[in-house]
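Read in order, the letters of the sequence shown correspond to residues 1 to 254 in the UniProt record's numbering. Each residue gets a CB set at the ideal place from its N, CA and C atoms; glycine is no exception. Quantities reported herein were computed from a predicted structural model and do not represent experimental measurements. Here's the structure we're looking at; comments come further down.
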Amino acid sequence: MIAPRYLKTSAGRKLAYHKTDGSAPGVVFLGGFKSDMDGTKAVHLQEWARRTGRAFLRFDYSGHGQSSEKFTDGCIGDWAADAAAVLEALTDGPQILVGSSMGGWISLLTARAMPGRVAGLVTIAAAPDFTEDSMWAGFDADQKAELMEKGQVALPSEYGEPYIITRKLIEDGRNQLVLRDPLELPFPVRFLQGTSDEDVDKSVALRLLDHAQGPDMRLTLVDGADHRFSDPDCLGLIEASVEEVIARAAGGTD
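Structure representation (structure tokens):
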């Protein structure tokens, strides 16, 4: 396995990344909550980029994968800042952002903060505002009390060890919400969502499509696809969506 390179950010964090040189606009993959850049979708897209000669970048947020810091010290604002730092330091010109789950939220924050650096967007089971609308809203009274008094609460996970949800994550998340204020996406956007996703309900994708404003937005629902969205058909749809967004961004047609 090839060792990653590292970017030292102005906040002092060391972010691990893999970069493939190629044609513009480049593609940047933004991973999910407690995920890393070695996941199936990220690696598949890197192989696609090498095959097609497209510039590509995948990286680990702080507290994730091979980057510095503890996961429990981070929050949405920190990880959005990591994405902005990577975009500024390691890419040139507008990029196509591919955001998976939490990465979908991060990509929307990036598009709002740096619209000139985004040429298009593909989200996969995007989870905007999940700290408030899914986690906090789903906590019972005892969990809310434990979070506020002890600073954290443990949630079971189907993907391994329990998730430790911190008070910092919840409170910072309220400063990063994207579904309460106007959300302009003035570039080609493709939202992808599985109907059998048990982590992000399809209603979230419908709410995002209804809330965002842009000249070229489409939502594709895949019957039976789960949150991983990583079987061969789903991976092929991700590729096709990225290629369509690239063509649209260049002024082409389907």
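Requested in this report: With a threshold of 16 other CB atoms inside 10 Å of the CB of Asp-129, please say whether the residue is buried or exposed.
Outcome: Sequence index remark: in the sequence shown, residue 129 carries index 129 (1-based). Result: buried.
Report task. Flag this pair as yes or no: are the beta carbons of Ser-101 and Ala-127 separated by less than 7 angstroms? Result -> Locating residue 101 in the sequence shown gives position 101, where the first residue counts as 1. Locating residue 127 in the sequence shown gives position 127, where the first residue counts as 1. Result yes, Cβ atoms of Ser-101 and Ala-127 sit closer than 7 angstroms.
Query - Identity of the residue in Val-242, Lys-168, Pro-25, Asp-226 nearest Glu-158 by Cα - result: The residue you call residue 158 lines up with position 158 of the sequence shown. The candidate whose alpha carbon is nearest that of Glu-158 is Asp-226.
Query raised in the report: Cα separation between Gly-65 and Leu-209?
Result: Translated into positions along the sequence shown, residue 65 becomes position 65. Translated into positions along the sequence shown, residue 209 becomes position 209. Gly-65 and Leu-209: Cα-Cα distance of roughly 31 angstroms.
Query raised in the report: Roughly how many angstroms separate the alpha carbons of Arg-207 and Lys-150, rounded to a whole number?
Result: Counting from one through the sequence shown, the residue named residue 207 turns up at place 207. Counting from one through the sequence shown, the residue named residue 150 turns up at place 150. For Arg-207 and Lys-150, the distance between alpha carbons rounds to 33 angstroms.
Query raised in the report: Where Leu-87 and Thr-220 are concerned, what is the direct C-alpha to C-alpha distance, given to the nearest angstrom?
Result: Taking the sequence shown and counting its residues from 1, one reaches residue 87 at position 87. Taking the sequence shown and counting its residues from 1, one reaches residue 220 at position 220. Here the alpha carbon of Leu-87 sits roughly 27 angstroms from the alpha carbon of Thr-220.
Report task. Within 10 angstroms of the Cβ of Met-37, are there 16 or more other Cβ atoms? Answer buried if so, exposed if not. Result -> Taking the first residue of the sequence shown as 1, we reach residue 37 at position 37. Here Met-37 is buried: its Cβ has 16 or more other Cβ atoms, across all protein chains shown, within 10 Å.
Requested in this report: Check the DSSP bridge columns for Phe-29 and list the partner residues they point to.
Outcome: Within the sequence shown, residue 29 is the residue found at index 29, counting from 1. Note: Phe-29 sits in a beta bridge opposite Arg-58, Val-98.
Requested in this report: Tell whether a beta-carbon distance below 7 angstroms holds between Gly-214 and Leu-177.
Outcome: The residue you call residue 214 lines up with position 214 of the sequence shown. The residue you call residue 177 lines up with position 177 of the sequence shown. Between Gly-214 and Leu-177, the CB-CB gap reaches or exceeds 7 angstroms.
Query raised in the report: For Ser-23 versus Arg-50, is the C-beta distance shorter than 7 angstroms?
Result: Within the sequence shown, the letter at position 23 stands for residue 23. Within the sequence shown, the letter at position 50 stands for residue 50. Not in contact: Ser-23 and Arg-50 (Cβ atoms no closer than 7 angstroms).
Query raised in the report: When the Cβ atoms of the segment 6-17 are set against those of the segment 107-118, are three or more pairs found closer than 8 angstroms?
Result: no
Query raised in the report: Touching or not, the segment 41-48 and the segment 127-147, by the rule of three or more beta carbon pairs under 8 angstroms?
Result: Not touching, per the Cβ criterion.
Query raised in the report: Whose C-alpha, out of Gly-103, Ala-89, Asp-21, is nearest the C-alpha of Phe-29?
Result: The sequence position of residue 29 within the sequence shown is 29, counting from 1. The option with the nearest alpha carbon to Phe-29 is Gly-103.
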